[in-house]
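Structure, as structure tokens:
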Amino acid sequence: MGKELEGFQSDLREMIALVKKSESKPLRKIPHGDGQTILREALLLADHNAYHLGQLVDLRRALGAWPEE
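Following this line, the structure appears as structure tokens:
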């Protein structure tokens, strides 16, 4: 699972850099997109990652690998 985590972290760093670079213009359209803005993509990414994190928590709980307290 190391490669997947490295890819995730690399993509996350790129998104953070894009948001920081565009800090004063979050509603700027992404040049290669179909009208999406940087803010929309950042929120979509955060929502997507939170959803999958919740799935991992549920899986660990189902397997008994999550502390109850």
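Counted from 1, the sequence shown has number 65 at position 66 by numbering that gives the first Met the number 0; the numbering is strictly sequential.
Heads up, the beta-carbon is just placed ideally off N, CA and C, and yes, glycines get one too.
Just so we're clear, the structure is a prediction, and the values are computed from it rather than from any experiment.
Start and end residues, alpha helix (DSSP H) containing residue i
| i | result |
| --- | --- |
| G1 | G1 to K20 |
Beta-ladder partner(s) of residue i, from DSSP
| i | result |
| --- | --- |
| K28 | T36 |
Close-in-space but distant-in-sequence residues of the same chain around residue i (CB under 6 Å, 5 per side omitted)
| i | result |
| --- | --- |
| L17 | none |
Cβ neighbours of residue i in the same chain (closer than 7 Å, five flanking residues each side left out)
| i | result |
| --- | --- |
| L44 | M14 |
Short Cβ contact (8 Å threshold) for residue i with residue j
| i | j | result |
| --- | --- | --- |
| L26 | L42 | no |
| I29 | E40 | yes |
Own chain partners of residue i with C-beta closer than 8 Å, once the 5 adjacent residues on each side are dropped
| i | result |
| --- | --- |
| T36 | P25, L26, R27, K28 and I29 |
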